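Below is one structure, written out as structure tokens, with a few remarks after it.
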């Protein structure tokens, strides 16, 4: 079942698209603003994204540019903006197709099918190995030197998010919102404590980590 992330601030449209897409066999997640969309995409990478440009917290093109830093999922822009310059800007930012509102559901479904036919199928590894440790995503287990490493549920949630997005910068806000919830997006001290614990358990040299890397003041990334 292909996962679709639908991003739009119109709650009625979100509900209608959820019902329609689910009825056609898609697994649907929705977001009403740009920050929520980026958090959702990092937590559960979608197979395809339907993105409105007129969002309340940031322009959809900015969401698209940020998404393109670490995601290759096809993006269908769904917007009330009819100008050719808006379409060019969206396509230059990384959109794969553009459809204007109002639109027909059959046309939307056809465009989604076309994008998915062109997109290479992503094969997610069940196990991710580094020289120091291995992460079995399917069994939710970590081993180091052949021995199991006991992680707390919170430690696992952070590690899983990073490992599922190798090489990609995941912001502090994205991790905090994904693991603790949106109310904790400013509690960076929580995250620093847990990252230090993960490094003590997994890195050979906690003062010079090779795999759980910090981007100062921004977030973290996993390097296999």
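Numbering (our numbering), first residue to last: 460 to 683. Quick reminder that beta carbons are idealized off the backbone N, C-alpha and C, glycines included. Every value quoted in this text rests on a predicted model; they were computed, and no experiment measured them.
- Message: As an exercise, report each continuous beta strand (DSSP E) stretch of at least 3 residues that is fully enclosed by the stretch 522-564, in chain order.
- Response: 534-538, 556-559
- Task: Between the Cα of residue 571 and those of 508, 471, 672, spot the shortest distance and give me the residue it belongs to.
- Result: 508
- Query: Within the chosen definition, does the stretch 529-541 reach the stretch 555-564 through at least 3 CB pairs nearer than 8 angstroms?
  - Reply: yes
- Among 589, 564, 523, which residue has its Cα nearest to the Cα of residue 481? 564
- Item | residue 637 in three-state terms, based on DSSP | helix
- Item | Contact belief for residue 677 with residue 653 at Cβ below 8 angstroms, rounded distance in angstroms | That pair is no contact at about 17 angstroms.
- Task: To the nearest angstrom, report how far apart residue 661 and residue 524 are at their CA atoms.
- Result: 32 angstroms
- Message: Rounded to the nearest angstrom, what separates residue 498 and residue 606 at their Cα positions?
- Response: 33 angstroms
- Message: Residues in the same chain with beta-carbon distance under 6 angstroms from residue 527, minus the five sequence neighbours each way, listed in chain order, please.
- Response: 553
- Task: Could you have a look at residue 479 and say whether DSSP puts it in helix, strand or coil?
- Result: helix
- Query: Alpha carbon to alpha carbon, what distance is there between residue 510 and residue 466?
  - Reply: 5 angstroms
- Message: Spatial neighbours of residue 516 within its chain, please: C-beta separation below 8 angstroms, excluding the five flanking residues on both sides.
- Response: 492, 493, 494
- State the DSSP-derived secondary structure class of residue 661, mapped to helix, strand or coil. helix
- Query: If you draw a straight line from the alpha carbon of residue 613 to that of residue 604, how long is it in whole angstroms?
  - Reply: 23 angstroms
- Taking C-beta to C-beta, are residue 622 and residue 594 nearer than 7 angstroms? yes
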